[in-house]
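Numbering (our numbering), first residue to last: 2 to 167.
So this is what it looks like as structure tokens:
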């Protein structure tokens with residue numbers, strides 16, 4: 002009886018892992034949702050098609066989020082190092098206070114990459130944003146290939162981005 006119980010437990014565990022990984026791959030194979038959002042620096046609308054053919058790191062953040070502020074130097078460095086190679090970081094603010102508050106944050110933190118105001122539809126289109134910071138790595142074909150929750154070290158991001166640029 003014990004052997005049968007262990008066998009069934011192992012089968013259930015294996016099937017659970019299989020379906021978890023299958024679900025992850027399905028998410029990873031999705032097309033990046035299109036968007037048209039306000040640039041906090043100049044108020045102009047930026048369409049997602051402006052980034053066609055580039056590797057992107059889209060990061061959802063808020064000005065009041067300490068880990069979001071902590072990751073700015075890492076994202077600036079990554080953007081500056083690799084922007085000439087067909088890569089861009091794009092910040093998507095979920096702040097409710099508006100573009101003027103975010104613009105002040107962008108200036109104070111000396112953010113070098115584009116920062117746009119996310120709409121509630123944007124967060125829904127990306128599968129719902131339940132914690133910040135959260136980032137999505139997008140390949141040149143426009144497919145979301147990885148999702149990062151929380152602060153991520155520069156070395157990890159750089160390795161993943163470089164693998165898509167090569």
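Built from N, CA and C at the ideal position, the CB exists for glycine as well.
For residue 106, the uninterrupted alpha helix (DSSP H) run begins and ends at 100-110, by DSSP. Going by C-alpha positions, residue 71 is about 21 Å away from residue 42.
Per DSSP, the continuous beta strand (DSSP E) segment holding residue 60 begins and ends at 56-62. With respect to the C-alpha of residue 51, the residue from 130, 88, 66, 136 having the closest C-alpha is 88.
In the structure shown, the three-state DSSP call for residue 129 is coil. The C-beta distance from residue 141 to residue 85 rounds to 15 Å, too long to meet the 8 Å contact threshold. DSSP lists 32 as the beta-bridge partner residues of residue 144. Scanning its chain for C-beta atoms nearer than 6 Å, with the 5 sequence neighbours on each side dropped, one finds around residue 158 the residues 79, in chain order.
Beyond the five residues adjoining it in sequence on each side, residue 110 comes within less than 7 Å, by CB distance, of 70, 73 in the same chain, given in chain order. Between residue 161 and residue 147, the CB-CB gap stays under 8 Å.
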